[in-house]
Structure formats: C-alpha cells, structure tokens
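A.B. asks: Residue numbers (the numbering used here): 21 to 198.
A virtual CB, placed ideally from N, CA and C, is assigned to each residue, including glycine.
Computed from a predicted structure; not experimentally measured.
My structure is below; once you've seen it, I'll send some questions.
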C-alpha cells in the first residue's frame, strides 16, 4: 500500500509480541501504543529515516479482537462477527531518526458483516487466510465476500489507513521542516 503513495520503503520485522498487551485498554489507545512500540523496536542502529509502525484491532460488543491464536480462535471471532456491525481501529506511529520525534494517530472504520453460512465460515477458516489478520478476516482477500458495508477507510480495514498516513506525514513535514 505504501507503493500507492510512491514512497520508498523497507519492511522490517518488529519483534513486539502483541498478545502480551492489555486488551482492556481502549482500542484507540491500544493500537497507538502498539504502533509506537513497533516503530521503536526497529529504530536501533538506524539513522536519517522515517519509521512507520502500525497496529490494527477489531472491536465487537466491547471485546477487542487481535490476530487469532489458532483456527479455533479464528472460528470464534468470525462466528461472533457474523451478521453484525463491528469497528476496526488502526494506530499509526511515525518516528523520525535521529531526532526520535514521534507522531501517533488512529483511524476508525465501521464494518457490517453479512449473514454468512456456517459452511462458508468454516471453509474460510480452513483456507488459512484468517490467520495473522485482526478480526480473522482479510477484506483485501477472500474475506471481502463477507462484507456488506464499509463506513470509513477501506485501507484502514486492510491495516494501513492511507488517508491518515498521508495527513500525518504532511503534518510531520510541515511542523518539522517549515
């Protein structure tokens, strides 16, 4: 998605264990905190760069869903999300080195999931696609067939809200270099 913005970038694994962090934090706070931790975790030894950290969770009936632990967890999430509305929160952190100045922000998108058959959900879980995806579905993949409506940013649901990133980069550059 960063290619769409014509940005030059490298993807660096962050090493932050997301499941260790308190899911009782408000989701908007949690995703910004994790995005900041991820950006900070890859900063060592780098200089003269911008680091973008991101994290995404799903909120449904006051329960925060991250990435499923296993197929049973993915199945549980999908059955609970089925035929209902949920919210997707993505936090972003832009860290500039060597100054370590940091900007954080959050995007929110509401999703209405269709009423999907048990067979379709089970087939989807068996495909493996839900693994590694917040809320156990990929709107940019086969999971898109389960979505009835998206109110807000599509790219947020994918995991990198481009509109927010563009605004944050603009604000960062204008504040730091004007």
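Is there contact here, the region 104–121 with the region 42–51, by at least three beta-carbon pairs under 8 Å?
C.D. replies: Contact between the region 104–121 and the region 42–51 is present, because at least three Cβ pairs lie under 8 Å.
A.B. asks: Below 8 Å on the Cβ atoms is my contact criterion, and I expect residue 39 with residue 86 to pass it. Report the Cβ-Cβ distance as a whole number of Å.
C.D. replies: Confirmed, about 7 Å.
A.B. asks: Less than 8 Å between C-beta atoms, sequence neighbours within five positions excluded: which residues of the same chain meet that for residue 89?
C.D. replies: 39.
A.B. asks: Tell me whether the beta-carbon of residue 130 lies closer than 9 Å to the beta-carbon of residue 105.
C.D. replies: Their beta carbons are under 9 Å apart, which means residue 130 touches residue 105 by this criterion.
A.B. asks: Take every Cβ of the region 93–100, pair it with every Cβ of the region 63–77, and state whether three or more of those distances are shorter than 8 Å.
C.D. replies: With the cut-off at 8 Å, the region 93–100 and the region 63–77 do not touch.
A.B. asks: So for residue 101, helix, strand or coil by DSSP?
C.D. replies: In this structure, residue 101 counts as helix in the three-state DSSP scheme.
A.B. asks: Would you mind reading off the limits of the beta strand (DSSP E) that contains residue 128?
C.D. replies: It spans 121–133 - the beta strand (DSSP E) in which residue 128 sits, taken as one unbroken run.
A.B. asks: Who are the Cβ neighbours of residue 184 in its own chain at under 7 Å, not counting the five residues just before and after it?
C.D. replies: Result list for residue 184: 112, 125 and 127, in chain order.
A.B. asks: Short of 6 Å in beta carbon distance, which residues of its chain neighbour residue 156, apart from the five on each side in sequence? Order them along the chain.
C.D. replies: Closer than 6 Å at Cβ, skipping near neighbours: 88, 94, 97, 98 and 150.
A.B. asks: Report, in whole angstroms, the separation of the C-beta atoms of residue 162 and residue 147, which I expect to be a contact under 8 Å.
C.D. replies: Confirmed, about 6 Å.
A.B. asks: Leaving out five residues on either side along the sequence, give the residues of the same chain with a beta carbon under 6 Å from the beta carbon of residue 136.
C.D. replies: Counting only Cβ-Cβ distances below 6 Å, and skipping sequence neighbours, we find 102 and 166.
A.B. asks: Please report the Cβ distance between residue 36 and residue 57, rounded to the nearest whole angstrom; I am assuming they are in contact, meaning their Cβ atoms lie under 8 Å.
C.D. replies: Yes, residue 36 and residue 57 are in contact; Cβ-Cβ is about 5 Å, under 8 Å.
A.B. asks: Can you tell which of 178, 55 and 62 has its C-alpha closest to the C-alpha of residue 34?
C.D. replies: The candidate whose alpha carbon is nearest that of residue 34 is 62.
A.B. asks: May I have the straight-line CA-CA distance separating residue 76 from residue 117, to the nearest angstrom?
C.D. replies: Answer to the nearest angstrom: the Cα atoms are 24 Å apart.
A.B. asks: If you count every other CB in all the chains shown that lies within 10 Å of the CB of residue 64, and 16 or more means buried, which is it?
C.D. replies: Classification of residue 64: exposed, given that the 10 Å Cβ count is below 16.
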